[in-house]
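Undergrad:
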Amino acid sequence: MNGTPQVRRGVGGFPSTPQNTNRSPGLQSPNGTTPRPNIKSPLPDLPKAPAQSSSGPLIPSDILDPAQQRFYVFALYVALWAYRTYDFYTLAVEEDESLWLCLKWCFFDVLFMFGVPLLEIPWLEWGNGAAFLLFVLHAGLDVMLMFRIGIPVQAWLMGLVGFLWDSELAISERSVKPGAILHNASLILGKQIVNILPEGSAVLNPDRQSFCLNSSVTQLEIPIMINQTEPHEMEILRIDIDTNVNETIIVKKSELKTMLKRARKTQKSTDPDDPLTLAYTIKKPGVYLLKKVTDQSKLLVRPRSTNVVVATCPQARVKPTGNDRCRSDLSNVALEVEGTPPMNVKYRLIVNGKPRGGSQFQNLQPDDAISPLSKHTSQALVKSGREDISWARSHKVLVPLNESLTTSGSWEYEIEEVQDGLGNFVSYVNVDDDERPRPKAAGIRQLFEVHERPTAFLRGCSPQSPLRVPKGEAARLPVQYGSTGKNAIDGAHTVEYLFTPQENIIADGYHSPDAVLQKQVMRKGEQPTIKVAGLYTIKSVSTDFCDGEVFEPTSCLLQNPPEPDLTLDSEDIIDKCAGNPIGLRVGLDFVGSPPFLVTYSEKKDNGREIRKPPIQIASLRSTIDLTPQDAGHYEYTFKTISDSVYKERSLNNIKLQQDVKPSAQAHFIESSRPKQACIDDVVEFDVGFVGEAPWKLEYEIVHNGKRTKRAIETENAHYVIRTDKLSSGGEYVVALTGVTDKSKCKEVLKEEARVNVRHERPKAYFGHIEGKQSVLALESRQVGLPLRFTGSGPWLLEYENLKTKEIKKDSFQNPNSWLDVKTDGTYQLLSVKDSVCPGLVDEKADQFDVSWVARPSLSVPESTALLEGSKYIKDAVCEGDEDSFDVSLTGNAPFDISYRQEYKDKKGKTASVSEKDLHTVGGLASIRSETSKAGTYEYTFLKLADARYDHSKKHFSPVTIQQQVYSRPGARFDKPGKTYSYCSRESEGEEVIPITLEGVAPFYLEVEIKHQGTPKPEISVHKNIPTNKYDLKIEHRKMHLGHSSISIRKVRDSRGCTLRPPPGGPRVQISVHDAPTATPLEDRQDFCVGERLSFALSGQSPFTVYYTFEKQERKASNPGTTFRRLAELPGTFTITGVRDSASECLAALDLTKTIHPIPSVRLSGGQVHEIDIHEGGGTDLEFQFWGTPPFEFTYTRSTNANKGRKSKVLEIKTEISHEMTMSIPVQEEGTYEVVSIKDRWCSFAKPGEGHDGKGGQKMLTY
C-alpha cells in the first residue's frame, strides 16, 4: 500500500489525470508527450508548473497510509448512517421532534462533505461543487427520513410485477387477479350537488309554540314568519288527527294582503328587511305544515320544515264516586285526564279545611301504547306530511287515587293543572292569563265526608249475669254505643242480633241452629226492645254510612222468673218470768226471686192503722218476731210483696192478731261471738231494751281478774256501751247484770260479750330450706314453701308469682305452715291478715325462689345432621366406609338411652330391626353407624333417663336420624384386551374405548396409561361423565408414539363413593402414530377480502389440505410447506384437517379465519343527485352502508364545477355511524362525495385518497 503514487491535485483538489494536447495547457509537456516520473535529468527548457499547496495528505503517510485513511473515512460514513437510521427508528417509535433531527443531520452532512476534502486523502479530494451536490442529496434524504416522506419505490416495483403476473390462487381453487378485488370503484358511489337559490324564506311557528282548541277557545292564530319576500300565495297542509287524511289549504292573495297589513301594523321595527310574522287563523285541530309559498315573481319560496300541532286542549276531572266514606276506608278517587299523551296532572288534597299536600303524576299515557312524544318533539315526528300522526290523538287516562282515610271529616280532592305531551298547559287555579285557554270548572273537585265507624257492646248483661224481666214486660237490650272517634255517633244505629228462645238453647249455652237473626233501627242512643225470654247475641252494628265493630260481651240472656208469693205461720212469744205474751213469732215462706220486700201495717186496739217499715228478706225462708214495746191488742195486715224482678204485688189481706204485755229486758243487739280488737282500740256494744221506759242498766267490765262495775239510765230503747282504750292485751268481758224498767221490776241479766285484744300485730315471712330461701325441685312435683306467721289464726295471705304475674290469696291455720306450689318462679308475699288485725310482711324474707331440676334432653348437633320434616337427615356415606354420629345430652349424668336401628334395602323394604341400649356418663354420646350394606338406616331414640328423672313419654319425643348408605360404583372395559390405533394429533373419526359404569352419574374416572419402556405410568382423569356408557378418549398429550396399555385405576360416582379395582385386572392396548400439523403464519383471526391466508405445514410433503369455506368442503394438494390462498369472497374459512405422504393419519384441525367484506357506501342512492335549496334552507345527505357497523367515512365538499374551471375541495369531514343508514343535514352549497369508508374490520378509499394506500387491506379495531 506504501507504493501508492503521490499524484498532485488538480483544480478543485481532485487527483490529476494524465494530460493530452486537448486538456489544460498548464499540464502539457513541450513536446506534447506525457511526462514520466522516472526521468531524473532536468529539462531547463520546460516551463515550471504552478506551485502546489501540499505535497501529501494532512495526516502524513508514515503515520497512516492513504488506504487506511480512506478505510477509516468510509467507516465513519457507515457509522453516521447507522446513527441516522437509529434516529429514524426512534422517531417512528417515540415520535420525537422531526425538525430538530433534520437540522442535526444536515449539520453533520455539511461537516462531513466539506471536511473530508480538507484531509487531502487521495481519491477523496472532491471539489466544492461536488461537495455541495453531495450535501444537497444527503439533505434531501434527511428531510425524507426525519419527516417520514415515503418514496414508493417498492410500490412501483410491485405494481410492475403485478401488471405482468397479476393472478393468484384463491380459496375457491381458481386463479384470480387481486387488482380487480382491491380496486373496485363500485364500493364508493354517489354524489350530491347542492345549489343555493337566492330567494327568501318562510317559517311556520318559528318559536315552536304549542296551541290547542276546546269549547271556549274555538279559533287560534298561528304565526308564519317570512323573510325577504312578500308571498303571493301559500299552500298549508293540514293533517286530520283522527283520520290521518291530508287537506291542502290555499291562502289566496287577498287574504295574504290582509295578513301582511296587520303584520306591518304590529311590527315594532321600521326596517323593511326585518322578518314579518303573519297570523293565520285556524278553527280545526290537526297538524299544519307550510307546503308551498310563491312570491310576487312566481318564484318558489322554500319553507322551513316546521309544523304546528293543534290538538284538543287537555282537561282533567275528578270522577264522582259518592259523597260519603268511612274511616279506614280507601279514598277510591280517580282522576280522568284527557289529552295528547304523555300528560302531566297535579292535584291537591284538603282535609277539614287544611291543606294536606298533593301530588303530581307525570308521563301519563294509555297502557296499550307509548307515545313517541316522550322521546321526540313534534318537529322531529312530522316532516313531510306522510307520517302517521295517531300519536297526536286525544286519549283518556284514568289515574286511581287510593289512600287510607285516617281522619274523619271533610276531604276534598281538587285538580290544579294539567299539561299534555305537546306542551299545552291548563291551570284550574288563578286563571288570569287571557292567552291561555280557560277551563271549565265543573268536575275538577271531589268533596266527600269521612264518617266514624260505630262500635257496640253489652253492658251489665251476659249469660252468667242474665237480664231478669217480669213476664209480659219488655226490656231494653243494654247496648252501649261508641265509635272509632272520641265520642259516640250522633245518629241512628242499625243493630242486628241473633235470638234463640229459652227452651231452645242448647246444653252448652249457645244458640240453636234455628236461631233467628233480627234487625232493628235505633234512634240516637236508643236500645233495642226485647220481651221474649231467651239468648240474644249482637252480630253487627252500623249507621247510615258505615258498618261498625261489635266488642265483647256480645250475648245477653233474658229470663222471666216466677211471680212472688207469701205464706205465713205464727206462734206467741211468752215472757218466762211473768208468763205474759210479749210478742208473736211469724214464719215466712216465699216464692220468687230474692231479695223480697214485704209491706205490712200495724193497728193497735182498733186504732189507726200504721204502715210499718217494709221487711226485706234475702232468702226464701225466714222468721220475724213481732214484739211491740207497748202492751195492747195488735192486728197485723200483710199488704204487698215484691222481689228483685217484680214490683209490688197485692196479697190477699193476710192478717195476724196478738195481745202483748212485755217485761223489762236488755240484750246485746250484735252477735254473741267474741269480738277481736287490736291494742288501743275502742270497742262498742249496742244494747237494746224491752219494756217501758225509763230503763236502768247495770253492767261490769272484767280484765285480768279486775272487775269494773257501771250503771246507766236511759229513756231510749237502744244504748251503746263504749269502752275506754284497751291498752293491754288479753280478754275483756262486758257482762249485763241487771235491768229495771218503769215497773221497777228488776230483771237479772246474764248476757255478756267478750273482746280479745291482740298483744301485737300479726306478721308473715318465709322460712328457710337448708339455710336458703330457694329450692331446686323435680318438675311437676309439689313443693312446700315454709311460712311463718305471728298472730291469731286463721291467716289470710296474699302472694304473687313474679314470673307468671299471678296473684293469689290463701288461708292458713297453722303459724308454721307450708305454701304448696307446682309452678316455678319467684314467690313474693304481699300482705297478711289474721282473724283480727291486718298485719305486716317481713321485707327481708318476703321472697322465695322455686326452680326445677332440668329434665334430660337429647338433641342432634347441626354438625351431625339437619332436620328435614320430622327426621334428622345425616349425610349419606358409602358402603363399607367407617362413620359415626354424635347426640348431645343435657341433664344429670349418667344417662340411659334406648334406640331402635332399622335397616331398609334398596327397594325400601324393611330388612332388619334391632333395639339397643346405651349407658353414658358424658354429655356427648357417639354412636357408630352401620354401613356394611347399602340401603337406608334409621336410628330412632325411644327412651331417655338420667340420674334424677326416669323416662317420661310425656316429656320426651322420639328422635329419628336417617342415613343413606350408597353402594359402591363399578367400571369395566366393554372389550378388554383389544388394541386401538391413534394418531399423535387429534383427528375426527378416531377410535374410542367403550367403558360401562355402574352407579349414579356423573362419574369421575381415572385410568392408568403405562407406556412401553417407561416405568412410571401416566394418569388420565375424566370428570363429569353424564351417563353409564362412556366412550373413553385419551388426551393426545398423554399419548406416546408406540404401544401403551390402559387399565382402570379409580372410579367415583356423583354420591362420592369410590372403587379402586385390584391390580392386574382387565386392560386394553393402544398404538400411536405421528401425524402432520398446520400452523397459521399470522395470529389474527379476522381478515379482509383481498388479503392472503398463509399456513405453515409440517410433515412429509406433498400435503393434502382439507378445509371448508362457507360450509362447502374442499380439498387442495400443496407441494410445499406453505399453504397460501387469496381471500376473494367474505365468509368463514376453516382448515379441518391435513394429511401428509408419510402416513395415513389425518390430523384433525380447527383453524378458523373470518373473512370480512370490504365496506361500501352509497350517497344519494349511488347516483349523482343535484338539488336546489334556498338561502337559510337545508337538505339531507343520505348515506347507505354495507358492511359491519360502526362505519367511519370521510366525505368532501367541493366547489360546484363550472365550465373551464376545476372543482376545488373546500372541506373534509369524517363521521361515524352505528347504523346502516345515516342522514346528515347540510345548508352549504357544494358538491358532496365520499372518498373513504371503513367499518369494524376493513377500509377502502378511492385511488389516491386512502390513508394507507392499500384500499381494503386495513384491519380496524373499535
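So that you can map any letter, position 766 of the sequence shown is 766 in full-length UniProt numbering, and since no number is skipped, the others follow by simple counting. Idealized CB from N, CA, C, for every residue including glycine. Owing to the predicted nature of the structure, the values given are computational and were not obtained by experimental measurement.
1. Once DSSP output is grouped into helix, strand and coil, what is the label at Q68?
2. Using C-beta distances below 7 Å, list every residue in its chain close to T823, excluding the 5 sequence neighbours before and after it, in chain order.
3. Is P1002 near I1025, with beta carbons less than 8 Å apart?
4. For L187 and P1159, I'd like the C-alpha separation in whole angstroms.
5. Pick out whichever of K746, R459, G791 and L124 has its Cα sitting closest to the Cα of V690.
6. Suppose the cutoff is 6 Å on Cβ atoms and the five residues either side in sequence are ignored; what does the same chain contact list for T1152 look like?
7. Within the chosen definition, does the segment 640-650 reach the segment 601-609 through at least 3 CB pairs nearer than 8 Å?
8. Can you tell me the Cβ-Cβ gap for D544 and G482, rounded? I've got them flagged as a contact below 8 Å.
9. R1197: buried (16+ other C-beta within 10 angstroms of its C-beta) or exposed?
10. Count the C-beta pairs between the segment 250-270 and the segment 222-241 that are closer than 8 Å, then say yes if the count reaches three, no if not.
11. Could you spell out where the alpha helix (DSSP H) holding E255 opens and where it closes?
12. Does the beta-carbon of Y77 have 16 or more other beta-carbons within 10 angstroms, so that it is buried, or is it exposed?
13. Work out the CA separation of L103 and P57 for me, nearest whole Å.
14. So, do the segment 733-752 and the segment 662-681 have three or more beta carbon pairs nearer to each other than 8 Å?
15. Determine, using beta-carbon pairs with one atom in the segment 413-430 and one in the segment 511-518, whether at least three such pairs fall under 8 Å.
16. List the residues that DSSP assigns as beta-bridge partners of N195.
17. Return helix, strand or coil for I226, following the three-state DSSP convention.
18. Roughly how many angstroms lie between the CA atoms of G1165 and Q192, to the nearest whole one?
19. Between the segment 486-500 and the segment 518-532, do three or more beta carbon pairs fall short of 8 Å?
20. Does residue 1266 come out as helix, strand or coil in the three-state DSSP assignment?
21. How far does the beta strand (DSSP E) with W100 in it reach, from first residue to last?
22. Quick check on I181: does DSSP put it in helix, strand or coil?
23. Would the segment 923-941 count as touching the segment 958-973 if we require 3 or more Cβ pairs under 8 Å?
24. Using only CA atoms, which one of A1245, T1079 and L1146 lies nearest to T1194?
25. If contacts are defined as beta-carbon pairs under 8 Å, then D917 and S898 qualify, I think. What distance do you get, rounded to the angstrom?
26. Rounding to the nearest angstrom, what Cα-Cα distance links K1254 and I1237 in this structure?
27. Roughly how many whole angstroms lie between the Cα atoms of S888 and A925?
28. Can you tell me the Cβ-Cβ gap for Q773 and Q828, rounded? I've got them flagged as a contact below 8 Å.
29. Just list the alpha helix (DSSP H) runs in the segment 322-407, keeping only unbroken ones of 4 residues or longer that don't cross its boundaries, in chain order.
30. Going straight from the alpha carbon of S1243 to that of S201, what length do you get?
31. In terms of alpha-carbon separation, which member of N205, P1066, G1099 and E1091 lies closest to A1078?
32. Smallest Cα separation from D295: which of D329, K252 and T312?
33. Give the DSSP bridge partners of Y903, in chain order.
34. Going by DSSP, which residues form a beta bridge with V309?
35. In chain order, which alpha helix (DSSP H) runs of at least 4 residues are fully inside the UniProt domain "Nucleoporin POM152 ninth Ig-like" (1076-1153)?
36. By how many angstroms is the C-alpha of S210 removed from the C-alpha of K284?
TA: Inspection of the coordinates gives the following:
1. helix
2. The beta carbon of T823 lies closer than 7 Å to those of N801 and T804 in the same chain, with the five residues before and after it left out.
3. yes
4. Distance between L187 and P1159, taken at the CA atoms: about 7 Å.
5. K746
6. T1134
7. With fewer than three CB-CB distances shorter than 8 Å, the segment 640-650 does not count as touching the segment 601-609.
8. About 17 Å separates the two Cβ atoms, so there is no contact after all.
9. Classification of R1197: buried, given that the 10 Å Cβ count is 16 or more.
10. Touching, yes.
11. If you look at E255, you'll find it in the alpha helix (DSSP H) that goes K253 to T266.
12. So Y77 ends up on the exposed side.
13. 31 Å
14. Three or more beta-carbon pairs drawn from the segment 733-752 and the segment 662-681 are found closer than 8 Å, and the two stretches are therefore classed as touching.
15. no
16. D1172
17. strand
18. 10 Å
19. yes
20. Residue 1266 falls outside the range modelled here, since the chain spans only 1 to 1262, and no answer is possible.
21. No beta strand (DSSP E) contains W100, which is instead part of the alpha helix (DSSP H) from S98 to G115.
22. Here I181 sits in helix by DSSP.
23. yes
24. A1245
25. 5 Å
26. Bear in mind that the predicted position of K1254 carries a pLDDT of just 39, short of 50, making it unreliable; the figure below should be weighed with that in mind. Their Cα atoms are separated by approximately 13 Å.
27. 7 Å
28. Actually they are not in contact, since the Cβ atoms of Q773 and Q828 sit about 11 Å apart, beyond 8 Å.
29. 378-381
30. 41 Å
31. G1099
32. Of the listed residues, the one whose Cα sits closest to D295 is K252.
33. S912 and Y937
34. V287
35. Counting only runs of 4 or more, we get nothing.
36. 15 Å
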